[in-house]
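Below is one structure, written out as structure tokens; comments come after it.
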Amino acid sequence: MNYRHAFHVGNHADVLKHAVLLFCLNALKRKPAPFAVLDTHAGRGLYDLAGAEAERSPEWRDGIGRLWSWPDPPPLVARYLEAVRSFNQDGAPGVYPGSPALVTMQLREDDVLMACELHPEEHAGLRRALPRQPNVQVHGRDGWAALSALLPPAQRRGLVLIDPPYEAPDELALAARALGAALKRFGHGTYLWWRPLKSESALAAADAEAQAQGAKEMLRADLWTATPTPEGRLVGSSVLLINPPFGLEDELREALPFLAEALTKGQSGWRLSTN
Ligand SMILES: C[S@@+](CC[C@H](N)C(=O)[O-])C[C@H]1O[C@@H](n2cnc3c(N)ncnc32)[C@H](O)[C@@H]1O
Numbered sequence: 041m042n043y044r045h046a047f048h049v050g051n052h053a054d055v056l057k058h059a060v061l062l063f064c065l066n067a068l069k070r071k072p073a074p075f076a077v078l079d080t081h082a083g084r085g086l087y088d089l090a091g092a093e094a095e096r097s098p099e100w101r102d103g104i105g106r107l108w109s110w111p112d113p114p115p116l117v118a119r120y121l122e123a124v125r126s127f128n129q130d131g132a133p134g135v136y137p138g139s140p141a142l143v144t145m146q147l148r149e150d151d152v153l154m155a156c157e158l159h160p161e162e163h164a165g166l167r168r169a170l171p172r173q174p175n176v177q178v179h180g181r182d183g184w185a186a187l188s189a190l191l192p193p194a195q196r197r198g199l200v201l202i203d204p205p206y207e208a209p210d211e212l213a214l215a216a217r218a219l220g221a222a223l224k225r226f227g228h229g230t231y232l233w234w235r236p237l238k239s240e241s242a243l244a245a246a247d248a249e250a251q252a253q254g255a256k257e258m259l260r261a262d263l264w265t266a267t268p269t270p271e272g273r274l275v276g277s278s279v280l281l282i283n284p285p286f287g288l289e290d291e292l293r294e295a296l297p298f299l300a301e302a303l304t305k306g307q308s309g310w311r312l313s314t315n
């Protein structure tokens, strides 16, 4: 496990993933019944944008950095910026909240976060980053196994975020299979599955596998900010929503062209599709 999210934090992929995550959390809060969030690959929780890793690879400057002072962004982006700004009371981008930190700030008293992080250092960092409260559970367990072990949640409603590092070449196929086990246990939950936009055929196969595993309603949003390079640098990402919340498709339709233009480094673009 060599991947460290600190090198990529706040980039275009985090912008898309975290803006969609916040929409989903707000949608769950439309109803008073408590919900649970399972974050299978949680990361460190809080990232220092002036820290050694983010300084060495300041991808955030072309991500959240470009959006930070944008005057009137679309609602999906505005909600995300407001959440990230709330971690930076002095008004400048200094701390970036990862998914478990964003979830924690949205929890009501009876809502629950189950965050899994397998890497010992990242896990220790996550424990330090999140507040100690009974509804925030940090696990040092394998996120793939958690998709069976921790589902369905006692609350019977909620969100599953699947955001692996894709270090292993077969991680896309592994995720699609693990999703099947989760869907059997918690078929009506909302799933947010982040994927790198590298091979369209691999993604199409993953989508088909998700459908074969029982995913019925799917919404896929792709955003790329430059043309692919021979070195294979990540220039785009794709989020697949299973059981997407009402209203997300409309907000994405407005936000994606905005993000493609605001974050462009050449040939940017976007795509939104439903099954
Ligand atoms: C892309 S990062 C997560 C970023 C985070 N979800 C966010 O949005 O802020 C992936 C994380 O998964 C962790 N990881 C890798 N394999 C894992 C596994 N099998 N189970 C749980 N965590 C794992 C890595 O150490 C890394 O911190």
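Going left to right, the sequence shown walks through residues 41 to 315 as the working numbering numbers them. We put the beta carbon where it would ideally sit given N, CA and C, even for glycine.
Query raised in the report: Is G138 near ligand 1, in the sense that its beta carbon is under 7 Å from a heavy atom of that ligand?
Result: Taking the sequence shown and counting its residues from 1, the one referred to as residue 138 is at position 98. The answer is yes for G138.
**Report entry** Completely contained alpha helix (DSSP H) runs for the segment 168-231, where each covers 4 or more residues
**Finding:** 183-189, 211-225
Query raised in the report: By DSSP, does M145 sit in helix, in strand, or in coil?
Result: Taking the first residue of the sequence shown as 1, we reach residue 145 at position 105. It is helical.
Query raised in the report: Does the beta-carbon distance from R103 to G138 come in below 8 Å?
Result: Here residue 103 corresponds to residue number 63 of the sequence shown, with the count starting at 1. Here residue 138 corresponds to residue number 98 of the sequence shown, with the count starting at 1. Going by the sequence as given, residue 103 is Gly instead of Arg. Their beta carbons are not under 8 Å apart, which means G103 does not touch G138 by this criterion.
Query raised in the report: L158: beta carbon under 7 Å from a heavy atom of ligand 1?
Result: Locating residue 158 in the sequence shown gives position 118, counting from the first residue. Yes, the beta carbon of L158 sits closer than 7 Å to at least one heavy atom of ligand 1.
Query raised in the report: Is A82 near ligand 1, with its Cβ less than 7 Å from a heavy atom?
Result: Here residue 82 corresponds to residue number 42 of the sequence shown, with the count starting at 1. Checking every heavy atom of ligand 1 against the Cβ of A82, one is found closer than 7 Å.
Query raised in the report: Does ligand 1 have even one heavy atom less than 7 Å from the beta-carbon of T120?
Result: Sequence index remark: in the sequence shown, residue 120 carries index 80 (1-based). In the sequence under discussion, the amino acid at residue 120 is Tyr, which differs from the Thr named in the question. It does not: the Cβ of Y120 is nowhere closer than 7 Å to a heavy atom of ligand 1.
Query raised in the report: For the beta strand (DSSP E) that contains T136, what are its first and last residues?
Result: Counted from its first residue, the sequence shown places residue 136 at position 96. Looking at the sequence shown, residue 136 is not Thr but Tyr. Taken as a continuous stretch (DSSP letters only), the beta strand (DSSP E) holding Y136 covers 135-137.
Query raised in the report: So, is E301 buried or exposed, given that buried needs 16 or more other C-beta atoms within 10 angstroms?
Result: Within the sequence shown, residue 301 is the residue found at index 261, counting from 1. When all chains shown are included, E301 counts as exposed.
Query - CB of W264 within 8 Å of CB of G254, strictly - result: As a first step, residue 264 is located in the sequence shown; it is residue number 224 there, counting from the start. As a first step, residue 254 is located in the sequence shown; it is residue number 214 there, counting from the start. Their beta carbons are not under 8 Å apart, which means W264 does not touch G254 by this criterion.
Query - Three-state secondary structure assigned by DSSP to Y120 - result: As a first step, residue 120 is located in the sequence shown; it is residue number 80 there, counting from the start. In this structure, Y120 counts as helix in the three-state DSSP scheme.
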